[in-house]
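Protein chains in written order, with my numbering: chain E, 12 to 226; chain A, 57 to 152. The beta-carbon is built from N, C-alpha and C at its ideal position, and this holds for glycine as well.
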Amino acid sequence: MLNLLSGIVALATSYYAYKNNKLVGSILLKYISAGFLLLGVGLLVQAGAEHLANQTPLDAVQAVHTRSIEVVSLVLYTIIQVVAYGVFAWGYGLSAFARKQMPQNAPVPGAAATLGGKLLAAAIFALAVYVAGQIAIIVLLLLIVVQGVRVFTHSKSNLALMVLFGFALIFGGHLLMLAGVLSSKGVVFLIGNSIEFLGFLGLLLFLVWSGRVVK
Amino acid sequence: MVALSSERPRSALKIYLDILVTVRDEGNTKPTRILYRANLSHDRLVKYLGELSSKGLIEERQEQDSKYYILTQKGLEFINQVKKAEAFVMGFGLAI
C-alpha cells in the first residue's frame, strides 16, 4: 500500500513538473518530470508485483520458495529506481532516491537439492542487485539533499524547504531500509519504508501548497 | 549547475508577469505607469505590450487622447497559472 501511494505521489509530481514546464521551459523540470515518472512507474510495478505474488521483494531474497516473479520484479524495480534517481541527479546538478517493503515468511523446505540451489542463487543475485542498487540510490539521494540545502540556503523559501525535507526523509528511509536488509531486521526495514513514505507525503504537501494561488 | 534565481536576467515570462500584475493592480493602466512599475525601457515595453495584446491577455483602450490597458479574463487566468508555476519551480531552486 505504501508503494502504491508513493507511486501515485511520484506520478502526480511528474505531471505537475511537465505541466509547469510548458510555461517555464526549463531543462531541469524536464529531468524532474522524467525522474518522477520513472520512479512512479517503478513503485507501481513493484506494488503490483507484490500484490500478485503476495510477497515482497525482501521475501524473494529470504525465502527458499522464491519464484521468478519476485526476483524479476526486485531487479527491475531496483534498476528503475537507480535510473530515476540518476536522472534527478543529472538534472539537479547532483542527487537521487528509492524504496521497498517487507514481511518475513518462514522458509519452506525445498523439494530437491538442485532446485533449492537454483533458487538460492536467484535469491542471492536479487539481494546483491538490491544492495548495490540501494547504495547507488543513497549516494544519489545524498547529492540531491546537498543541492536542496544549497537551494534553501540561497532562497530561504518554504517551498524549497518542503522539497528538501521530503528528499531528506526519503534519504533517511533508504539508509534504514538498507540497514534492515543487511542486518535482516524486519522492523528496521519497515521503519525505513515508513520514513520514505513520509518523504513522499512531504512532496505531496509541497504539490498542494504550491498549487494554491499566491497573490 | 543550475543557476539560482537571483543570478539570472529576467526572462520573457517574468516580464509578462510583471506587466500583467501591474495592469491587474492598477486597473486602467497607462503605458507610463507600466514602464515604471515593470522597470522596462520604452522599446521593450512597446514590444511586450504588443505581444500581450496579440495573445489576448490585455486590451488596449483609447479614451480621448489617452491610451490605457486593462487586464482580460484570460490575462487573469494566465497570472494565476504563472504564479502557481513560479511556486512549484521555486521548490527546486528555479525561477521563471
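Same chain only: Cβ atoms within 6 Å of residue i, ignoring 5 sequence neighbours per side
i, result
"E142/A", "I152"
"S44/E", "S25, A28 and Y29"
"L40/E", "A28 and N32"
"D121/A", "none"
"S194/E", "none"
"R110/E", "For R110/E, the pLDDT reaches just 30, beneath the cut-off of 50, and the residue's location in the model is therefore unreliable, although a value from the coordinates is still provided. Around R110/E: E207."
"P120/E", "Caution applies to P120/E, whose pLDDT of 35 falls short of 50 and renders its modelled position unreliable; the value that the coordinates give is listed next. Taken in chain order, the list of residues that qualify is empty."
Rounded distance between the beta-carbons of residue j and residue i, thought under 8 Å
i, j, result
"I206/E", "G183/E", "5 Å"
"F208/E", "S17/E", "6 Å"
"G149/A", "V219/E", "The pair is not a contact, with the Cβ atoms about 20 Å apart (cut-off 8 Å)."
"A58/E", "L15/E", "4 Å"
"V56/E", "L87/E", "7 Å"
Contact set for residue i: own chain, Cβ-Cβ below 8 Å, skip 5 residues either direction
i, result
"L189/E", "V142, Q145, I146, I149 and G203"
"L186/E", "I149 and G203"
"M117/A", "Reading the sequence as shown, one finds Arg at residue 117/A and not Met. Closer than 8 Å at Cβ, skipping near neighbours: N84, K123, Y124, Y125 and I126."
"G159/E", "S106, A171, V174, L175, F178 and A179"
"R223/E", "none"
"L105/A", "I75, P87, I90, I114, E116 and Y125"
"T128/A", "G112, L113, I114 and E115"
Close-in-space but distant-in-sequence residues of the same chain around residue i (CB under 7 Å, 5 per side omitted)
i, result
"T89/E", "V140, Y141 and G144"
"G213/E", "M173, F176, G177 and L180"
"V93/E", "G144, A147 and I148"
Contact check, residue i vs residue j, beta carbons under 8 Å
i, j, result
"L73/A", "I126/A", "no"
"L54/E", "A21/E", "yes"
"I71/A", "A94/A", "yes"
"F144/A", "S221/E", "yes"
"L34/E", "L69/A", "yes"
"K130/A", "G112/A", "yes"
"F217/E", "G147/A", "yes"
Through-space distance from residue j to residue i, alpha-carbon basis
i, j, result
"I135/E", "G46/E", "28 Å"
"L201/E", "I91/E", "21 Å"
"L49/E", "S67/A", "30 Å"
"L132/A", "I19/E", "31 Å"
"M113/E", "G191/E", "With a pLDDT of 30 at M113/E, under the threshold of 50, the predicted position of this residue should be treated as unreliable, though the coordinate-derived value follows. Rounded to whole angstroms, M113/E to G191/E spans 10 Å at the Cα level."
"S109/A", "D99/A", "16 Å"
"L76/A", "P65/A", "19 Å"
"L96/A", "D81/A", "17 Å"
"H165/E", "H62/E", "44 Å"
"T78/A", "S168/E", "24 Å"
"V138/A", "L153/E", "31 Å"
"L101/A", "E119/A", "20 Å"
"A23/E", "L215/E", "8 Å"
"M12/E", "Y42/E", "27 Å"
"V199/E", "A95/E", "25 Å"
"K103/A", "Y92/A", "15 Å"
"G102/E", "E107/A", "32 Å"
8 Å Cβ cutoff, residue i in contact with chain C
i, result
"V79/A", "Absence of chain C from the displayed structure is noted, the protein chains being E and A."
Proximity test, residue i beta-carbon vs the ligand ATP heavy atom, cut-off 7 Å
i, result
"F99/E", "Only the bare structure without any ligand can be found here, which leaves the ligand ATP out of the picture."
Taking only runs that begin and end inside the region 59–128 of chain A, name each unbroken beta strand (DSSP E) of 3 or more residues, in chain order. 114–119 and 122–127
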